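To get this note's numbering, take the position in the sequence shown, counting from 1, and add 1.
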Amino acid sequence: MTTHRTELVQRKDAEALAAHARAVVLERARAALAERGAFRLALAGGSTPRTLYRMLATAQADFARWHVYFGDERAVPPEHADSNYRMAHEAWLGAGQVPGAQVHRMRGELGAGSAAAQYERELVESFGSREVPRFDLVLLGMGEDGHTASLFPGTTALVETRLFVASTWVEKLSSNRITLTLRTLNAARQALFLVAGADKARALREVLHAREDGPRLPAALVRPWEGELTWLVDSAAASALAHG
Ligand code: 6PG
Numbered sequence: 002m003t004t005h006r007t008e009l010v011q012r013k014d015a016e017a018l019a020a021h022a023r024a025v026v027l028e029r030a031r032a033a034l035a036e037r038g039a040f041r042l043a044l045a046g047g048s049t050p051r052t053l054y055r056m057l058a059t060a061q062a063d064f065a066r067w068h069v070y071f072g073d074e075r076a077v078p079p080e081h082a083d084s085n086y087r088m089a090h091e092a093w094l095g096a097g098q099v100p101g102a103q104v105h106r107m108r109g110e111l112g113a114g115s116a117a118a119q120y121e122r123e124l125v126e127s128f129g130s131r132e133v134p135r136f137d138l139v140l141l142g143m144g145e146d147g148h149t150a151s152l153f154p155g156t157t158a159l160v161e162t163r164l165f166v167a168s169t170w171v172e173k174l175s176s177n178r179i180t181l182t183l184r185t186l187n188a189a190r191q192a193l194f195l196v197a198g199a200d201k202a203r204a205l206r207e208v209l210h211a212r213e214d215g216p217r218l219p220a221a222l223v224r225p226w227e228g229e230l231t232w233l234v235d236s237a238a239a240s241a242l243a244h245g
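In structure tokens:
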């Protein structure tokens, strides 16, 4: 049984969506710093969050107490064009507001299996606990097939219940990936999905209308046990919803 609160927020376009996401990130950070003295944020990859990351590069916040992690990564080095770290570094982290030692990169260059094992150890050390890490905020995107992070339909990582981080082969992409598992995502205080574009409309409808007892796409399985679940979508992505 989860006790999460689900919220659907619609904004007119990707720019307005990013501006709302910026406000959520900064508010969640302020609350975390006030309550726990640190803000632990996991970033989404892909292209949707790029505008948000660029907005954070010019934001004012107590970044010295932020810890930035990644929700998933491709099994590539940080300078590779496919690297989620590279995208976030170019759009935001390269601005240097967050101390380098507090940016926790998934080391894709090690190969997916070794990188996942190394990140599991890094989470334990960084959170100072062997309990499942509770991120203050996890940013997530969603693919047209309903995947999120690198939790793709039919993959082994999707059914991992013990590890915090898993490696996974994604047949449809012929790609090895590293990803936080559902166990970790659902331990978050807040999961914030950023979904923009008409190509996501069908999957979004399927995810938001998923029945409790029916098959669910990976993104529909993200339901923080004791946290908030926020779907932040633009009008194009919401176009297949009843009210969209
Ligand atoms: C990745 C992402 C992935 C992404 C979705 C949506 O590594 O690709 O973590 O889960 O969030 O594929 O990607 P877009 O934002 O580019 O549509």
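We treat Cβ as the ideally placed atom computed from N, Cα and C, and that holds for glycine. It should be emphasised that the depicted structure is a prediction, and the values quoted were computed from it without experimental measurement.
Subject >> the stretch 185–195 contacting the stretch 131–143, beta-carbon criterion three pairs below 8 Å >> reply: yes
Subject >> Inside the stretch 129–175 only - beta strand (DSSP E) runs reaching at least 3 residues >> reply: 138–141 and 166–171
Original post:
I think residue 234 touches residue 218, with their Cβ atoms under 8 Å apart; what is that distance to the nearest whole Å?
Top reply: As a working note, residue 234 is residue 233 in the sequence shown. As a working note, residue 218 is residue 217 in the sequence shown. Actually they are not in contact, since the Cβ atoms of residue 234 and residue 218 sit about 15 Å apart, beyond 8 Å.
**OP:** Just mark residue 73 as buried or exposed, buried being the case when its beta carbon has 16 or more other beta carbons within 10 Å.
**Re:** If you number the sequence shown from 1, residue 73 lands on position 72. Looking at its Cβ environment, which holds 16 or more other Cβ atoms inside 10 Å, residue 73 is buried.
**OP:** Please list, in chain order, all residues of the same chain as residue 245 whose beta carbon is under 6 Å from its beta carbon, the five residues on each side excluded.
**Re:** Here residue 245 refers to the residue found at position 244 of the sequence shown. For residue 245, the pLDDT reaches just 45, beneath the cut-off of 50, and the residue's location in the model is therefore unreliable, although a value from the coordinates is still provided. Excluding residues within five positions, the ones whose Cβ falls inside 6 Å are 239.
Original post:
Per the contact definition of three or more C-beta pairs closer than 8 Å, is the stretch 113–132 in contact with the stretch 5–18?
Top reply: no
**OP:** Kindly examine the ligand 6PG and report whether one of its heavy atoms sits closer than 6 Å to the Cβ of residue 85.
**Re:** Translated into the one-based positions of the sequence shown, residue 85 becomes position 84. At least one heavy atom of the ligand 6PG is nearer than 6 Å to the Cβ of residue 85, so yes.
Original post:
By the 10 Å Cβ neighbour count, where 16 or more other Cβ atoms means buried, how is residue 132 classified, buried or exposed?
Top reply: Taking the first residue of the sequence shown as 1, we reach residue 132 at position 131. When all chains shown are included, residue 132 counts as exposed.
Original post:
Of all the options 86, 125 and 95, which has the alpha carbon lying nearest to the alpha carbon of residue 107?
Top reply: Residue numbering aside, residue 107 sits at position 106 when the sequence shown is read from its first letter. That would be 86, whose Cα lies nearest to the Cα of residue 107.
**OP:** Would you kindly work out how many angstroms separate the C-alpha atoms of residue 84 and residue 7, rounded to a whole number?
**Re:** In the sequence shown, residue 84 corresponds to position 83, counting from 1. In the sequence shown, residue 7 corresponds to position 6, counting from 1. So the alpha carbons of these two residues sit roughly 30 Å apart.
**OP:** Could you pull the start and end residues of the alpha helix (DSSP H) that residue 207 belongs to?
**Re:** One-based indexing of the sequence shown puts residue 207 at position 206. Here the alpha helix (DSSP H) through residue 207 covers 202–209.
Original post:
Are there three or more Cβ pairs, one per stretch, closer than 8 Å when the stretch 46–62 is compared with the stretch 17–34?
Top reply: yes
Subject >> Cβ distance (whole Å) where residue 158 is taken to contact residue 182 below 8 Å >> reply: What you label residue 158 is simply residue 157 of the sequence shown in a count that begins at 1. What you label residue 182 is simply residue 181 of the sequence shown in a count that begins at 1. Correct: roughly 6 Å between the Cβ atoms.
Original post:
Could you give the residue range of the beta strand (DSSP E) that holds residue 234?
Top reply: Stepping through the sequence shown from its first residue, residue 234 is reached at position 233. Residue 234 -> beta strand (DSSP E) spans 229–235.
**OP:** Look at the alpha carbon of residue 101 and the alpha carbon of residue 59, and state the distance between them as a whole number of angstroms.
**Re:** By 1-based counting over the sequence shown, the position of residue 101 is 100. By 1-based counting over the sequence shown, the position of residue 59 is 58. Taking the straight line joining both Cα atoms gives about 17 Å.
Original post:
For residue 176, which residues of its own chain have a beta-carbon under 7 Å away from its beta-carbon, when the five flanking residues on both sides are left out?
Top reply: Stepping through the sequence shown from its first residue, residue 176 is reached at position 175. If we look at residue 176 and ignore the five residues flanking it on each side, its Cβ neighbours are 75.
Original post:
Hey, residue 67 and residue 25 are a contact pair by Cβ (cut 8 Å); roughly how many whole angstroms apart?
Top reply: As a working mapping, residue 67 is identified with position 66 in the sequence shown. As a working mapping, residue 25 is identified with position 24 in the sequence shown. Actually they do not touch by this definition, with Cβ atoms about 15 Å apart.
Original post:
Can you give the Cα-Cα distance for residue 125 and residue 105, rounded to whole angstroms?
Top reply: The sequence position of residue 125 within the sequence shown is 124, counting from 1. The sequence position of residue 105 within the sequence shown is 104, counting from 1. Each residue's Cα considered, the two are about 12 Å apart.
**OP:** Identify every residue that forms a DSSP beta bridge with residue 192.
**Re:** Your numbering for residue 192 matches position 191 in the sequence shown. Paired residues: 139 and 230.
Original post:
Using 7 Å as the limit for Cβ to Cβ distance, is residue 148 near chain C?
Top reply: In the displayed structure, chain C is absent; only one protein chain is listed.
Original post:
Between residue 114 and residue 49, what straight-line distance do the alpha-carbon atoms span, to the nearest angstrom?
Top reply: Counted from its first residue, the sequence shown places residue 114 at position 113. Counted from its first residue, the sequence shown places residue 49 at position 48. Going by the C-alpha atoms only, they are around 27 Å apart.
**OP:** Determine the burial state of residue 161: buried for a count of at least 16 other Cβ atoms within 10 Å of its Cβ, exposed for fewer.
**Re:** Here residue 161 refers to the residue found at position 160 of the sequence shown. Classification of residue 161: buried, given that the 10 Å Cβ count is 16 or more.
**OP:** Assign residue 130 to buried or exposed, taking buried as 16 or more other Cβ atoms, counted over all protein chains shown, within 10 Å of its Cβ.
**Re:** Translated into the one-based positions of the sequence shown, residue 130 becomes position 129. That one is exposed.
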